[in-house]
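Numbering (the working numbering), first residue to last: 693 to 1158.
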């Protein structure tokens, strides 16, 4: 990697790293690789153990500020590199707030022209991984970073001037950004993370930072059929070129499926990526949107249509997203633990309209469940297994509907009992689906932990004798 961008960015600046967990340590390592003798201040309320940073005493160019008065270390800093785990509100000085940058913001300041940023309440991990897969199969130098689990500054040693960085961006990473990636994709915005933001509007605006600071001639691919996204695009004066996912009338830049092919109508010129919608392994109409977005980005990055089709055909998808667990006791089990909002559970049920048993619920974040409850009342699902406080609220809001009254509603004491109930109440040849429409934090570390537990329990009960 060329060290010059780092050197120019930090020249004659006093820099503080605020937060020294995973991302803060990543920031420290990146700076030290390029600027081994640069003075730094590192601040965190928690005092890291020696196992976290055993060579701490050897770095004589660092001032450590740990413990209750850790914020003293940011006083007078020109640049404050804040980790996502540190709430913005702890910085009371407006002057200091203006000097805050995240690792995401720092990375974009240095490498934005090489970045494809992808966000959306749902679908961003699948779309990011698929685009990475397409570029990798096409032989392009490509790296995958961001919310998928890799801090971007961990990748700087692998970067060259030709590297494309596919960056999955959460609302937390987008929040407070003043710079956007060269190419941006926004799939959708639904009600989520209400426990973190002061309002749903704040969450929406955080998502829009992916394109808000783009420059003229840069690329913004978005879903005009999502009302929130369409409203924000109409409201904000975006400088970038707009590319619409779907056959929306009145636009010259369209990306949509037609007769099994992906049509790219760009500035009046039409191209087709043939058979791509037929050969896909990813189930569901919602995944057509993800495929269209990733394929369009790859096409704009000069990947040949045939290479895109072959890559899409070989992409199996990610765990916990309509993942087939197995066939036990004549029942097909699917793990969709990633579905933490009602809209994604509705899409899962549309993908598997013959679902017999649905496990739903978990941690209650105050999400509006009316659309899901009405959908369930009209669905053919026979068994509804309500889990946790979110499940209890779903039932209470829908129990008077005739369509809910006619179903077998079950209330397990714990998650293991929920899976056992699913196993015993689902008839042979049926489909059992975990698609909770709720977060998992009341019982599990995250949605992955919940999904893996579901798979383990299905195999445990499915392999035992009745």
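For each residue, glycine too, the CB sits at the ideal point set by N, CA and C.
*Curious, which full-length beta strand (DSSP E) runs of at least 3 residues does the region 1046-1125 contain?*
1047-1053, 1075-1079, 1100-1102
*C-alpha distance - residue 702 paired with residue 1013, whole-angstrom precision*: 41 Å
_Once DSSP output is grouped into helix, strand and coil, what is the label at residue 871?_
coil
*Kindly give me the distance between the Cβ atoms of residue 1061 and residue 1044, rounded to whole angstroms, as I take these residues to be in contact under 8 Å.*
Actually they are not in contact, since the Cβ atoms of residue 1061 and residue 1044 sit about 20 Å apart, beyond 8 Å.
*Give the C-beta separation of residue 1069 and residue 1093 to the nearest angstrom, bearing in mind that I take them to be a contact with Cβ-Cβ under 8 Å.*
4 Å
*What are the residues that DSSP puts in a beta bridge with residue 860?*
810, 838
_Given a cut-off of 9 Å on the beta-carbon distance, is the pair residue 718 and residue 795 in contact?_
yes
_Start-to-end residues for the beta strand (DSSP E) that takes in residue 707_ = 707-710
*Quick one: give me the first and last residue of the alpha helix (DSSP H) that residue 962 is part of.*
Per DSSP, residue 962 belongs to no alpha helix (DSSP H); it is in the beta strand (DSSP E), 961-965.
_Closest by C-alpha distance to residue 1126, when choosing among 821, 963, 995, 1077_ = 1077
_Pairwise C-alpha distance: residue 848 and residue 876_ = 21 Å
*Can you tell me where the alpha helix (DSSP H) with residue 933 in it begins and where it stops?*
Here residue 933 belongs to no alpha helix (DSSP H); instead the beta strand (DSSP E) covers 933-937.
_Rounded to the nearest angstrom, what separates residue 797 and residue 1072 at their Cα positions?_
47 Å
*If you check the beta carbons only, do residue 955 and residue 964 fall under 9 Å apart?*
yes
_Check for me: the alpha helix (DSSP H) holding residue 1018 runs from which residue to which?_
Where residue 1018 is concerned, there is no enclosing alpha helix (DSSP H), although the beta strand (DSSP E) it sits in stretches over 1015-1020.
*What is the DSSP secondary structure of residue 846, reduced to helix, strand or coil?*
helix
_How far does the beta strand (DSSP E) with residue 761 in it extend, from its first residue to its last?_
Segment: none, residue 761 is in no beta strand (DSSP E) and carries neither H nor E.
*Among 909, 923, 873, which one has its Cα closest to the Cα of residue 1165?*
Since the displayed the chain opens at 693 and closes at 1158, residue 1165 lies outside it and no answer follows.
*Compute the distance between the beta-carbons of residue 770 and residue 705, then report whether it is under 9 Å.*
yes
*If you pair each beta-carbon of the region 1080-1091 with each one of the region 980-994, do three or more pairs fall below 8 Å?*
no
_Spatial neighbours of residue 1118 within its chain, please: C-beta separation below 6 Å, excluding the five flanking residues on both sides._
1023, 1048, 1049, 1124
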